[in-house]
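Peer 1: If you scroll down you'll find the structure; I have some questions about it.
2 protein chains.
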Amino acid sequence: MQNGLEPASVTIRDVARAAGVSITTVSHVLSGHRPTGELTRHRVLAVVEQLNYRPNRVAQSLATRHTRTVGLILPDILNPFFPQLVHAIERSAIHAGYRLLLCHTDSLESLERECLEDLVARRVEGVIYMRGTAAPNPVLERLAEEHFPLVVLDEEVPGLVAPGVYAMNRLGGRMAARHLWQLGHRDVGVIGGPRGLVSVCDRVQGFQETYRRLGAPVPEERTVFTGFSVHGGQEAGRGLLLRHPELTAVFAANDLIAFGVIQAARELGRSVPGSLSVLGFDDVTTAAMVDPPLTTVRQPIRRMGSEAFRLLMGQVRGTWEPVRRQLPTRLVERGSTAPPERVRAVSAAGGATPPRSPGA
Amino acid sequence: MQNGLEPASVTIRDVARAAGVSITTVSHVLSGHRPTGELTRHRVLAVVEQLNYRPNRVAQSLATRHTRTVGLILPDILNPFFPQLVHAIERSAIHAGYRLLLCHTDSLESLERECLEDLVARRVEGVIYMRGTAAPNPVLERLAEEHFPLVVLDEEVPGLVAPGVYAMNRLGGRMAARHLWQLGHRDVGVIGGPRGLVSVCDRVQGFQETYRRLGAPVPEERTVFTGFSVHGGQEAGRGLLLRHPELTAVFAANDLIAFGVIQAARELGRSVPGSLSVLGFDDVTTAAMVDPPLTTVRQPIRRMGSEAFRLLMGQVRGTWEPVRRQLPTRLVERGSTAPPERVRAVSAAGGATPPRSPGA
DNA sequence: GGCGGGTTCCAAACCGTTTTGCATAATGGG
DNA sequence: CCCATTATGCAAAACGGTTTGGAACCCGCC
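Chains Z and L are the protein sequences, given in the same order. Read in order, the letters of the first sequence correspond to residues 1 to 360 in the working numbering. Read in order, the letters of the second sequence correspond to residues 1001 to 1360 in the working numbering.
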C-alpha cells in the first residue's frame, strides 16, 4: 500500500506553531476549559479557521476516554419497525451530540456476540440492544453484570438484569383479543413470531388468556409460530387456513406476518376482511397503506426509541439501575377487521349495521 | 460526575505485566507482525484469555491511523428504500471488517455538512453519501477535491467529480412511459419528487421524452413536484387529479409517492387500476404488499449498495478515480396498472382481453 | 518597594496502542 | 572455540490530543 493518500491532516501542533503559541494554549482556547487572553484567542481562532483545523476525534477520545458514540444492535433492518426505532434513537442521539454505530445482526447469535465485543472494544459509551433471537448471549450478560451502559429495547432478554424499554405486549394481545371478540369472532387463529421471544409469548398469551376468560379458549392447534416476516406469515397463514377453514379471524404477532396472512388469504380466495379478519402488531407506517389498511396494535415506537436513549444517557453519566420501562400500546382500528360473515349477514338482515367500508 | 463507572478495562500493560513480558511482545503475539517464541506466545495468550483482554480500538486507531469505519449519510431512513440500501452496504461492510457510522440528515443541508465534518473528524476511512436535498454542499466538494474516499450513492450531485453509483433513472422513466403507452394510456400525469434532484429530473425527463417521441407530449401542467413521501404523493395526487380528471394514469417518481397517489385516487372515488393506473419507482419491498400491488420500476438496490461499498474500498486502499457506475433498472409489472377504461371497454366488447385481475 | 492575587501561557505527563531499532541469547558452521 | 546468524524480547518514539502544576508577568495596594 502506497500510503501518501491521507490528506496529512493538520494537527493541533501545526496550529500552535502557526499561531506562535503552545499546544496547550490552542487546546484551551478550543475547549474553553481555562481562560485565555483575548489576543491569543483571536490569533489561534484565526489560524484554526485558515488552516481549517478540526481536532482528531480519535485522539480526543483516547485522551478524554469518551467517544460520543453509542452502539446499536438490531436484528433486522428490513422490518420497517426497526428503521422507525432507529430514527427515534438517532434524533435523540444527535441532539445529545452522539453518533450511532450500527450493527445489523440478521438475528444471528454469533454476529450479535461479535458486534457487542467489537462495540465495547471501540469504546462506545453505551449500547442499545435489540435482539431477534432467543439464544442466550454470554457477552451481553457479562456486560450487564459489569454495569456497562446498556439498554435492552423492544425484545426482553429473559433472566438478564438490565435496564430496558418495552411495549406492553401482553396488554396489546388482550386489546387485540377484545377487539376481535367484540366484532363477534369466535373461531380465531394466532400466528406468533419466532418461538422463545418474550414479546411473542406475551402477545400470544395476552390474546389467548383473554379469549379463555371470555369462554372461548383458542385450541392449541390454532396457534402457530413463524419468522417475523411477510414470507413467514404467508406460509404459516396458508397452512393454518388450509387446516382450519373455519377460522374467521387471525391475530398476527407483528405487521409483517399480518401482511403475509393477508396475501395467503387472498391466494385461498378469502377476502379480507370479508371472509377473514386480520389483526397485526406494531403499526408500522406501511400498515396504513396495505390493502386493506391493517387493523393493528400500535407500539409507541418514537417514545420507545427516545426513552431508550434517555435511559442510556442516564447510565452513561452516572447511575446504573435496572429500570424496566413498559410503554402502553393502543389498538388502531382500520380496514382489515370486520364482523365475521355470519354475524354480518344477521345484522345486515336486521338492517342495523351496514357492511363497514374499510377506509382510512 | 463521579467517574469510577468505567470498568477500568484491562490494558495491554496489564497483560504484559501478568505475563511477565514487555508490552511490545504482547502486541506482537497478538498481531503476528513479528515472530514470537512458542512459549511466550502461549503464556501471553493464556493471560489474554484469563484477563479477557480486548485491545482498545481507539488507541489502535490512533496508532495505526485506520478506524475500520465508514460513514453513511442518508436523508430519510423512514423511506424503506434506504434501509434496503443500508442493509446491502452493511453486509459488504461487515464482511470486510468495517462498521457503519450512521448519519440521518432528514434532508437538511446544515445537518449534512455537520455530519460530514464530524465523520471526517472521527477519521472514518470513507463516506457513502446519499443526499436528499438539492442544496450544494461545500464540505462535500472540498472532500472530493482532496480525494477523500467518498462515493455518492443513488442521488447524483451535479457538478461534483467523485465516484458514484446510480440507477439508470432516465431509462427507468422511459420504461415506465413505454409500459403506460402500450397499455393504451394517452392522458398521463407525472408526479416528481423534490425539485432539483437529478434522479427526479432524469426519471421525469425519461418519461416525458418517450411520450413526446411517441407523439403525445405530456403538457407541462400535468407534471407536478412534491416530497418523497406518502403524504406528498397524496397531496400532489389529489391536486393533480382534481385539476385533470381526464388523466388515466400517473407516473410517480418513487414508490412512496405512488402509495400516496393511490390513496388520493381512492379518496376521489377512483379505483386503481380500474379508473386510474399508478406506476412507481424503486420497488421497495412494500410495493408488492400494498393494494393493489404496485407496478414499479425496480432499482437494483442490493447491487447498488454492495457496488458502492466496493468502490469505496477501492479508494481506501489506493486508487482514487471518479468512476461513475450506472446500474440498470427494470419494470416490475403488478396490479396497479391496466389499460384505461375506454380501451378496456373496447377490448372487452371485442372479447379479446378479459379485465385483468391484479395479483402477485 | 515588596507582596498578594490574577492573568496568560507553557512543559510535561498521560491516554493505550503500534512499530522501529537494538540488545541479548541461542544456534550452527567453519 | 569463535564468529556470524537467527531467534527473541525490550525500550522508546510515535499517534494527536487533554490536563495538571507551575512559571512568568502584570496589576494595584499597603
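C-beta: ideal position from N, C-alpha, C; glycine also. Computed from a prediction, not measured in an experiment: that's the story for all the values here.
In the DSSP assignment, find the unbroken beta strand (DSSP E) run with Ile1362/L in it and report its ends.
Peer 2: Residue 1362/L lies beyond the stretch modelled for chain L, which goes from 1001 to 1360, so this question has no answer here.
Peer 1: Could you tell me whether the region 1035-1042 of chain L touches the region 34-43 of chain Z, using the rule of 3 or more Cβ pairs below 8 angstroms?
Peer 2: No: fewer than three Cβ pairs fall under 8 angstroms.
Peer 1: Quick check on this structure: which residue in Val1010/L, Val1021/L, His1087/L has the alpha carbon closest to the alpha carbon of Arg1302/L?
Peer 2: Here residue 1302/L refers to the residue found at position 302 of the second sequence. The option with the nearest alpha carbon to Arg1302/L is His1087/L.
Peer 1: Using three-state DSSP, classify His244/Z as helix, strand or coil.
Peer 2: Walking along the first sequence from the start, residue 244/Z turns up at place 244. Residue state, collapsed to three classes: coil.
Peer 1: Using a Cβ-Cβ cutoff of 8 angstroms, what residues of the region 282-299 of chain Z are near chain L? List them in chain order.
Peer 2: From the region 282-299 of chain Z, only Thr285, Thr286, Met289, Val290, Asp291, Pro292 have a Cβ closer than 8 angstroms to chain L.
Peer 1: What residues of chain L sit near Thr67/Z, judged by a beta carbon separation below 7 angstroms?
Peer 2: Stepping through the first sequence from its first residue, residue 67/Z is reached at position 67. The contacting residues are Val1058.
Peer 1: At least one CB of chain L closer than 8 angstroms to the CB of Ala121/Z: is that the case?
Peer 2: The sequence position of residue 121/Z within the first sequence is 121, counting from 1. It does; some Cβ of chain L falls within 8 angstroms.
Peer 1: Taking the C-alpha atoms as reference points, what is the distance between Thr11/Z and Tyr53/Z?
Peer 2: The sequence position of residue 11/Z within the first sequence is 11, counting from 1. The sequence position of residue 53/Z within the first sequence is 53, counting from 1. If you take the alpha carbons of Thr11/Z and Tyr53/Z, they lie about 7 angstroms apart.
Peer 1: Who are the neighbours of Ser1061/L on chain Z, taking C-beta pairs under 8 angstroms?
Peer 2: Indexing the second sequence from 1 puts residue 1061/L at position 61. In chain order: Val58.
Peer 1: If you check the beta carbons only, do Ile1128/L and Ala1308/L fall under 8 angstroms apart?
Peer 2: The residue you call residue 1128/L lines up with position 128 of the second sequence. The residue you call residue 1308/L lines up with position 308 of the second sequence. Result yes, Cβ atoms of Ile1128/L and Ala1308/L sit closer than 8 angstroms.
Peer 1: In terms of alpha-carbon separation, which member of Ala59/Z, Ser92/Z, Leu72/Z, Asp106/Z lies closest to Leu78/Z?
Peer 2: Residue mapping note: residue 78/Z aligns to position 78 of the first sequence, counting from 1. It is Asp106/Z whose Cα lies nearest to the Cα of Leu78/Z.
Peer 1: Check each candidate in Gln1315/L, Thr1295/L, Pro1339/L and name the one with the smallest Cα separation from Val1332/L.
Peer 2: Walking along the second sequence from the start, residue 1332/L turns up at place 332. Among Gln1315/L, Thr1295/L, Pro1339/L, the Cα nearest to that of Val1332/L is on Thr1295/L.
Peer 1: The ligand GDP heavy atoms versus the CB of His87/Z: any closer than 7 angstroms?
Peer 2: Only the bare structure without any ligand can be found here, which leaves the ligand GDP out of the picture.
Peer 1: In chain L, which residues lie less than 7 angstroms from Gln84/Z when you measure between Cβ atoms?
Peer 2: Position 84 of the first sequence, counting from 1, holds the residue named residue 84/Z. Neighbours of Gln84/Z on chain L, chain order: Leu1078.
Peer 1: Around the Cβ of Arg203/Z, are there at least 16 other Cβ atoms within 10 angstroms (buried) or fewer (exposed)?
Peer 2: One-based indexing of the first sequence puts residue 203/Z at position 203. The residue in question, Arg203/Z, is buried, as its Cβ has 16 or more Cβ neighbours within 10 Å.
Peer 1: Does the beta-carbon of Pro1136/L have 16 or more other beta-carbons within 10 angstroms, so that it is buried, or is it exposed?
Peer 2: Start at 1 with the first residue of the second sequence, and residue 1136/L comes out as number 136. Classification of Pro1136/L: exposed, given that the 10 Å Cβ count is below 16.
Peer 1: For a minimum of 3 consecutive residues, which ranges assigned as the beta strand (DSSP E) are wholly contained in the region 1297-1341 of chain L?
Peer 2: DSSP runs (the beta strand (DSSP E)) wholly in the region 1297-1341 of chain L: 1324-1327, 1330-1332.
Peer 1: Please give the ranges of any alpha helix (DSSP H) in the region 106-182 of chain Z, keeping only runs that are unbroken, at least 4 residues long and fully inside the region.
Peer 2: Taking only runs of at least 4 residues, the alpha helix (DSSP H) segments lying wholly in the region 106-182 of chain Z are 109-121, 138-145.
Peer 1: Measure the CB-CB distance between Val297/Z and Ala177/Z and report whether it falls below 8 angstroms.
Peer 2: To locate residue 297/Z, count along the first sequence from 1; it is residue 297. To locate residue 177/Z, count along the first sequence from 1; it is residue 177. Contact: no.
Peer 1: At the 8 angstroms Cβ level, is Val230/Z part of the contact set with chain L, yes or no?
Peer 2: For the purposes of this step, residue 230/Z is identified with residue 230 of the first sequence, where counting begins at 1. Answer yes: the Cβ-Cβ gap between Val230/Z and chain L drops below 8 angstroms somewhere.
Peer 1: Can you look up Leu78/Z in the DSSP assignment and give me helix, strand or coil?
Peer 2: In the first sequence, the residue the question calls residue 78/Z occupies position 78. Here Leu78/Z sits in coil by DSSP.
Peer 1: Phe1281/L by DSSP, collapsed to three states: which one?
Peer 2: Against the second sequence, residue 1281/L aligns to sequence position 281. Looking at Phe1281/L - three-state DSSP - the assignment turns out to be strand.
Peer 1: Quick check on Gly1269/L: does DSSP put it in helix, strand or coil?
Peer 2: On the second sequence, position 269 is the one that residue 1269/L refers to. Three-state DSSP puts Gly1269/L in coil, outside helix and strand.
Peer 1: Glu1321/L CB to nearest chain Z CB: under 8 angstroms?
Peer 2: The residue you call residue 1321/L lines up with position 321 of the second sequence. Not one chain Z Cβ lies under 8 angstroms of Glu1321/L.
Peer 1: Closer than 9 angstroms, Cβ to Cβ, to anything on chain L: give me those residues from the region 37-57 of chain Z, in chain order.
Peer 2: Taking 9 angstroms as the Cβ-Cβ cut-off against chain L, the residues of the region 37-57 of chain Z that qualify are Asn52, Arg54, Pro55, Asn56, Arg57.
Peer 1: Going by DSSP, name the residue or residues bridged to Cys103/Z.
Peer 2: In the first sequence, the residue the question calls residue 103/Z occupies position 103. Looking at the DSSP assignment, Cys103/Z forms a beta bridge with Ile73/Z.
Peer 1: In the structure shown, what three-state DSSP assignment does Gly1192/L receive?
Peer 2: Taking the first residue of the second sequence as position 1, residue 1192/L is located at position 192. Gly1192/L: strand per DSSP, three-state reduction.
Peer 1: Take Arg99/Z as the anchor and find which of Thr67/Z, Asp118/Z, Ala121/Z has the nearest alpha-carbon.
Peer 2: On the first sequence, position 99 is the one that residue 99/Z refers to. For the residues Thr67/Z, Asp118/Z, Ala121/Z, the minimum Cα distance to Arg99/Z belongs to Thr67/Z.
Peer 1: Count the other CB atoms within 10 Å of the CB of Gln84/Z; is the residue buried (16 or more) or exposed (fewer)?
Peer 2: The residue labelled residue 84/Z in the question sits at position 84 within the first sequence. Buried, by the Cβ-count rule.
Peer 1: Any idea if Gly1132/L is buried or exposed, counting beta-carbon neighbours within 10 angstroms, 16 or more meaning buried?
Peer 2: Here the question's residue 1132/L lines up with position 132 in the second sequence. So Gly1132/L ends up on the buried side.
Peer 1: Does any C-beta atom of chain Z lie closer than 8 angstroms to the C-beta of Leu1101/L?
Peer 2: For the purposes of this step, residue 1101/L is taken as the residue at position 101 of the second sequence. Cβ-Cβ to chain Z under 8 angstroms: yes for Leu1101/L.
Peer 1: Since Gly1280/L and Ala1265/L are thought to touch, with beta carbons under 8 angstroms apart, how far apart are those beta carbons, to the nearest angstrom?
Peer 2: Numbered from its first residue, the second sequence carries residue 1280/L at position 280. Numbered from its first residue, the second sequence carries residue 1265/L at position 265. Not confirmed; about 13 angstroms, so no contact.
Peer 1: Using the beta-carbon count (16 or more within 10 Å), is Glu1090/L buried or exposed?
Peer 2: Within the second sequence, numbered from 1, the residue matching residue 1090/L stands at position 90. Looking at its Cβ environment, which holds 16 or more other Cβ atoms inside 10 Å, Glu1090/L is buried.
Peer 1: Among Met1313/L, Val1230/L, Ser1336/L, which has the Cα closest to the Cα of Ala287/Z?
Peer 2: The residue given as residue 287/Z occupies position 287 in the first sequence. Closest by alpha carbon: Val1230/L.
Peer 1: Give the DSSP-derived three-state secondary structure of Ser1009/L in the structure shown.
Peer 2: As a first step, residue 1009/L must be located in the second sequence, where it is residue number 9. Correct three-state label for Ser1009/L: coil.
Peer 1: Could you tell me the alpha carbon to alpha carbon distance between Asp1014/L and Thr1024/L, rounded to whole angstroms?
Peer 2: Counting from 1 along the second sequence, the entry for residue 1014/L is found at position 14. Counting from 1 along the second sequence, the entry for residue 1024/L is found at position 24. Rounded to the nearest angstrom, the two C-alpha atoms are 12 angstroms apart.
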